[in-house]
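The listed protein sequences correspond, in order, to chains Y and U. Its first residue numbered 1, the first sequence is counted upward by one per residue in our numbering. Its first residue numbered 303, the second sequence is counted upward by one per residue in our numbering. Idealized CB from N, CA, C, for every residue including glycine. Everything numeric in this text was worked out from a predicted model, so none of it was measured. Comments concern the structure below.
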Amino acid sequence: MFMLSTTTKQEASLTQDTISIGGHGQAKEIIGRFLRNKAAVFGLAIVVFLLFCAIFPQALTQYDPIEQDLRNRFAAPSSEHYFGTDEYGRDIFARVIYGCRTSMEIGLISVAVSCIIGVIIGAVAGFYGGITDNLFMRFIDILMAIPNTLLGISIVAALGNSIPNLIIALSIGSIAGYARVVRVSVLSTKGMEYVEAAYATGASDARIIFKYILPNCLAPIIVQATMSVATTIMTATGLSFLGLGVPAPTPEWGAMASSSRAYIRDYWWLVTFPGIAIMITAFSFNLFGDGLRDALDPKLKS
Amino acid sequence: MSEKILEIKDLFVQYTAGKDIVRAVNGISLTLEQGESLGLVGETGAGKTTTALSIMRLIPHPPGKITGGEIRYRGENLMEKSEAEMRKIRGHEISMIFQDPMTALNPMLSVGDQIAEVVRLHQKISRADAMRKACEMMEIVGIEGGRANEYPHQFSGGMKQRIVIAIALACNPSLLIADEPTTALDVTIQAQVLELIEQLKQKFNTSLLLITHDLGVVAEVCSKVAIIYAGEIVEYGTLKHIYEHPSHPYTIGLFGSIPNLNETVHRLAPIPGLMPDPTKLPAGCAFAERCSEACEACTKSAAPYVEIEPGHMVRCIKFAGKEC
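Below, the structure written as structure tokens:
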């Protein structure tokens, strides 16, 4: 009896829910579905916090991240220096907070650039097939044949050592991943009957790609994008380690971790806090990405 | 005599599969008048869907190609239209209902949006007006307009097919091609959907080309019937002609394989054998191999069309005045 009454209530609220939604119901529904996912909201909260750190670092620390204080080297974490200080006496907490800006800038911009280019290449190749497909995908194969780090090294070496050049290098390196993922899902979606049905209603190629095919390929694109924010930050770290990434005094997590690797036995805080920051960033982006994918897929709606 | 909406003359369609050429449609001719409904009946692989896609000029190319004949819509040859002109015709003048409603709707768009899409493609109206029109169409096919913001997976199969019908009829086309609209549905829902198609056909004065392998469905909806076998029309006539005097041995065979409620039979009489391989069609009558009345003359040359009563055409040597 109790069970019965609860289900009818649920049903009633459901129908009310769906009817009350207005013209822009789709966006509202997606947000609603996202908010119901606790893990995703947690991920989003951390991402928002990281963005806040990136935009307003001075609100969180009064220290200058590049100011050296040689009398205060290797100070352990304390109430004065939350995360301690490094080999030049710089405050690690401040460097981690400011480093967030560098890492986010590199991660987000290069993911956005490579995602847009990769999706366009993949969609065109998958949709038109034949010679177009062959040309685009062989170009992608060439890109994939070059190891990412090597590609990064050559581009940064050719263009010079700066953050914009680093972003260009990282973007080119990850285009291939998107193009392949998108091409495959476009190929499988292209054969669906609703695409044929869309043709039968007189829709043009562009409309079919953007309204019928790409929305149905969103899930792998989003997963690839959110996962690669973390990977891109790691690759940037690798390049910084080689001296080709972020120029020296600028705080960057990867550079911080690698430059302090010599002191890991005696002063654990030098390498631990930047490492934790990288980990939390990757973790939160992955949670956020998973949640977003679930929210965008109406079939998973319960 | 009312206007001829659709006229197909001697249509040939081929698919290339590796080295083989699949001759899917071999010289089909049909005419359809305003408000009329024609049933195209045949078994799987007979070329029914290929014919339908040819009318929409949606044959995937490659591998498919229309190699001969012409398709006239209101007197204009669709073969000579540009792709942009065809896009204006598709969904606006000629619409199509697909076989499987489960996959014929975009899972990422709400059903209202999908109906509104077609309206906005062909009519210059605002988004809000298109949405209003979509809700109207949903009411017409018997679904509450308030459900316009729901997604396809929230509807049952029969309701999805109603939405597919709403999309097809949203722009008030003059010709509706229904490609096995009831095959994927339950029998009870089949009857409802057929009734709906019939009703809307009357309401909008749409002509209907109904493709099916179910003679029962044809009997309910169509006024004319064409029986198609291996890409050829073997018998063509009004509903009465075909159902009361089936003449081609294939048509007779089809009726023999339908269970009859009033007779007690232990086994149905199926037609033995399979359709000939469309890459190696025989020189003579394509049905000869399976035909109980076939003779030597059948395998040598194809029979001509014979009009056995006014408007009732049969393509069988039996009626061509030759002795078997």
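Exercise. Compare the beta carbon distance of Leu355(U) and Gly393(U) with 8 Å and say whether it is the shorter of the two.
Key: With respect to the 8 Å criterion, Leu355(U) and Gly393(U) are not classified as neighbours on the basis of their beta carbons.
Practice problem: Keeping to the same chain, check which residues put their C-beta closer than 7 Å to that of Pro403(U); ignore five residues upstream and five downstream. | Solution: Excluding residues within five positions, the ones whose Cβ falls inside 7 Å are Gly459, Lys462, Gln463, Val466, Ala486.
Quiz item: Do Val156(Y) and Leu239(Y) have their C-beta atoms within less than 8 Å of each other?
Solution: Contact flag set, yes.
Quiz item: For the alpha helix (DSSP H) that Phe93(Y) lies in, which residues bound it at each end?
Solution: If you look at Phe93(Y), you'll find it in the alpha helix (DSSP H) that goes 92-128.
Practice problem: Please classify Gly43(Y): is it buried, with 16 or more other beta-carbons within 10 angstroms of its beta-carbon, or exposed? | Solution: Only buried fits Gly43(Y), as 16 or more other CB atoms lie within 10 angstroms of its CB.
Quiz item: Between His363(U) and Gln316(U), what straight-line distance do the alpha-carbon atoms span, to the nearest angstrom?
Solution: Between His363(U) and Gln316(U), the alpha-carbon positions lie close to 10 Å from each other.
Quiz item: Using a Cβ-Cβ distance under 8 Å, would Ala123(Y) count as near chain U?
Solution: Answer no: the Cβ-Cβ gap between Ala123(Y) and chain U never drops below 8 Å.
Quiz item: What first and last residue would you give for the beta strand (DSSP E) that runs through Leu563(U)?
Solution: No beta strand (DSSP E) contains Leu563(U), which DSSP labels as neither H nor E.
Quiz item: So, Thr226(Y) versus Gly289(Y), is the Cβ gap smaller than 8 Å?
Solution: The answer is yes: Cβ separation under 8 Å.
Quiz item: Under a CB-based cut-off of 8 Å, is Met381(U) close to chain Y?
Solution: For Met381(U), not one C-beta of chain Y is nearer than 8 Å to its own C-beta.
Quiz item: Thinking C-beta only, is Ile357(U) closer than 8 Å to Ile479(U)?
Solution: Yes. Within cutoff.
Quiz item: Looking only at DSSP bridge pairs, what is Arg317(U) linked to?
Solution: Position check: residue 317(U) holds Tyr in this sequence, whereas Arg was assumed. The partner list for Tyr317(U) (beta bridge, DSSP) reads Val324(U), Gly366(U).
Exercise. For Ser284(Y), collect the residues of the same chain with a Cβ closer than 6 Å to its Cβ; drop the 5 residues on either side in sequence, then sort them by chain order.
Key: The beta carbon of Ser284(Y) is closer than 6 Å to those of Gly43, Ile46, Val47 in its chain, skipping five residues each way along the sequence.
Quiz item: Applying a beta-carbon distance threshold of less than 9 Å, which residues of chain Y neighbour Lys503(U)?
Solution: The contact set of Lys503(U) on chain Y, defined by CB atoms closer than 9 Å, is empty, because the minimum CB distance reaches about 18 Å.
Self-check item: Min CB distance Pro99(Y) to chain U below 8 Å
Solution: The identity of residue 99(Y) in the sequence shown is Gly, whereas the question assumes Pro. Using beta-carbon distances, Gly99(Y) does not count as an interface residue toward chain U, since no partner is under 8 Å.
Quiz item: Which stretch, first to last residue, makes up the beta strand (DSSP E) that contains Gly539(U)?
Solution: Gly539(U): member of the beta strand (DSSP E) spanning 534-540, first to last residue.
Exercise. In angstroms with no decimal places, state the Cα-to-Cα distance between Thr490(U) and Thr351(U).
Key: Thr490(U) and Thr351(U) have their C-alpha atoms spaced approximately 24 Å apart.
Quiz prompt | Start and end residues, alpha helix (DSSP H) containing His424(U) | solution = In this chain, the alpha helix (DSSP H) harbouring His424(U) covers 413-424.
Quiz item: Going by the CB atoms, is the gap between Leu296(Y) and Ile31(Y) shorter than 8 Å?
Solution: Note that the C-beta distance between Ile31(Y) and Leu296(Y) is not below 8 Å.
Exercise. Look up Val343(U) in the DSSP assignment and give the residues it is bridged to.
Key: As computed with DSSP, Val343(U) is found in a beta bridge with Thr514(U), Ile529(U).
Quiz item: Quick one: what's His614(U) bridged to in DSSP?
Solution: His614(U) pairs with Glu611(U).
Exercise. Verify the CB distance criterion: does Asp516(U) have a CB-CB separation below 8 Å to chain Y?
Key: Not one chain Y Cβ lies under 8 Å of Asp516(U).
Exercise. May I ask which residues mark the beginning and end of the alpha helix (DSSP H) holding Leu477(U)?
Key: DSSP places Leu477(U) in no alpha helix (DSSP H) but in the uninterrupted beta strand (DSSP E) bounded by 477-481.
Practice problem: Taking Ser458(U) as part of the beta strand (DSSP E), name the residues at either end of that continuous run. | Solution: No beta strand (DSSP E) contains Ser458(U), which DSSP labels as neither H nor E.
Quiz item: Going by the CB atoms, is the gap between Pro247(Y) and Ile66(Y) shorter than 8 Å?
Solution: Cβ distance not < 8 Å, so Ile66(Y) and Pro247(Y) don't count as in contact.
Practice problem: Determine the DSSP secondary structure at Lys311(U), reduced to helix, strand or coil. | Solution: Strand, per DSSP.
Quiz item: What residues in the region 450-462 of chain U have a beta carbon less than 7 Å from any beta carbon of chain Y?
Solution: Taking 7 Å as the upper bound on Cβ-Cβ separation, chain Y lies near residues Asn451, Glu452, Tyr453, His455 of the region 450-462 of chain U.
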